[in-house]
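Q: Got a structure for you, questions after.
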Amino acid sequence: MKIVVTGGLGFIGGKLARMLLGGGHEVRILDSLTPQIHGEVPAVEVPEGAEFVRADVRELSERHDLLDGFDAVVHLAAETGTAQSMYRIRHYVDVNEGGTAALLEGLSRCQDRPRRIVLASSRSVYGEGAYRNAEGRTVQPTPRTREQLERAEWEPVDAEGKVLTVMATPENLPFAPGSVYAATKASQELLLQSAAEALSLEPVILRFQNVYGEGQSLQNPYTGIISIFFNRVRQGLMLPIYEDGLETRDFVHVDDVAAAIVASLGEGVPAGSVCNVGSGVATSVITLAEKLAAAGGFTPEIKVTGQFRVGDIRHNFADIEAAKRLLGFSPRISLDEGLGRFCAWAATQPTYQDGLDKATAELRAKGLGN
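Counting from 1 along the sequence shown, just add 9 to a position and that's the residue number in the numbering used here.
As structure tokens, this is what we get:
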């Protein structure tokens, strides 16, 4: 197949491109090389055998020549920081929604347009995700308010104030975005789905959980908790654990994510498929910090601070049955193995000035954290 990968020199894109090339596919990478991800002076390695074009996804409405004649597009290009999205609202909407709209407009102008379009969406579209109430019913709590967070009422509750039990989130849970970033990911899905029939596209939507692994940016203080933590512990800095440390996430290794994307390009995957891509395992942030320290041979100060960020969720882990059924997907890399691999790779990389404190101060100044 001939495949275009937008955001193809990013964390997931680079891994995917190499996997596709190894499978005998022809790959064109589009990437704008944004400073927040790649640094002020980008130093990137284009996978051998791939064609690279430096282009912003928002240009594709006029640069449909970059798409014409290809079989598929994997759309990864996006801004990804939940907290940052709450005050860089216009920028996130412009890149994520505007970029997807430009991609679709570009496709509409192609003489020989790609049919299969794989969209990298996010578990954030669910908001707090699925919970079970005292009666055993599946419920979806509303996002926690600032007032709740200030009172350290971390766990979502039902209308009567009863604490709910988190459960694996299935794909049929309605959208309930709790951040601007999440809203833009939901919008990307809706844009693709609404245009698919008119443009004869075959969309597949993959909702990623917390992706980590070798190659993740070590200099972006707005996203990637594992990279942020590693960058701090290697410099002997304290690890601040937000809320009470018992908030949970579903961590999935980038190799597993890239494999899921490759599988989604297969002819047997039905158009319109929507799949969660994760490990299916919930891990608390305090447990993650301890495992990361052990994997890297560090003994950091780990401090539960009670800090919070407006827009953060409390819990979420994926129901991955649809991915197993439709993609043949099964995560192969455990968190312990993945953290070991990540730490071994990250130890060979330059040490970057920590930006977490600055990012936290920005949130506090804008009333989005404490």
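Cβ atoms here follow ideal geometry from the backbone N, Cα and C, with glycine treated the same way.
Express the C-alpha separation of M247 and L85 in angstroms, rounding to a whole number.
A: Using only the alpha carbons, I get a separation of about 33 Å.
Q: Pick from P249, L25, E276, E156: whose alpha carbon is nearest that of P56?
A: Among P249, L25, E276, E156, the Cα nearest to that of P56 is on L25.
Q: DSSP state of E392, grouped into three classes?
A: Nothing in the structure corresponds to residue 392, since the chain is present only between 10 and 379.
Q: Could you check if S131 is buried or exposed, using at least 16 other CB atoms within 10 Å of its CB as the buried criterion?
A: So S131 counts as buried.
Q: Considering only the beta carbon of each residue, do G254 and V290 sit closer than 8 Å?
A: Their beta carbons are not under 8 Å apart, which means G254 does not touch V290 by this criterion.
Q: Please list the terminal residues of the continuous beta strand (DSSP E) segment that includes V82.
A: 81 to 84 is the span of the beta strand (DSSP E), which, as asked, contains V82.
Q: Would you mind reading off the limits of the alpha helix (DSSP H) that contains C352?
A: Counting along the chain, the alpha helix (DSSP H) containing C352 begins and ends at 344 to 355.
Q: For S226, which of helix, strand or coil comes out of DSSP?
A: Reduced to three states, the DSSP call for S226 is coil.
Q: Please work out which residues of its chain come closer than 7 Å, Cβ to Cβ, to G337, disregarding the five sequence neighbours upstream and downstream, and give them in chain order.
A: Closer than 7 Å at Cβ, skipping near neighbours: A272.
Q: Nearest by alpha-carbon distance to N285: which of G275, I295, I270, Q157 is it?
A: Measuring from the Cα of N285, the nearest candidate turns out to be I270.
Q: Rounded to a whole number of angstroms, what is the C-alpha to C-alpha distance between A204 and A87?
A: Taking the straight line joining both Cα atoms gives about 19 Å.
Q: Across the stretch 292 to 300 and the stretch 100 to 112, are there enough close Cβ pairs to call them in contact, namely three or more that are closer than 8 Å?
A: Verdict: no, contact absent.
Q: Provide the residue span of the beta strand (DSSP E) that contains R37, from first to last.
A: From DSSP, the beta strand (DSSP E) with R37 extends over 35 to 40.
Q: Apart from the five residues on each side of it in sequence, which residues of its chain come closer than 6 Å, Cβ to Cβ, to G233?
A: Around G233: Q225.
Q: Helix, strand or coil: how does DSSP classify I12 here?
A: Reduced to three states, the DSSP call for I12 is strand.
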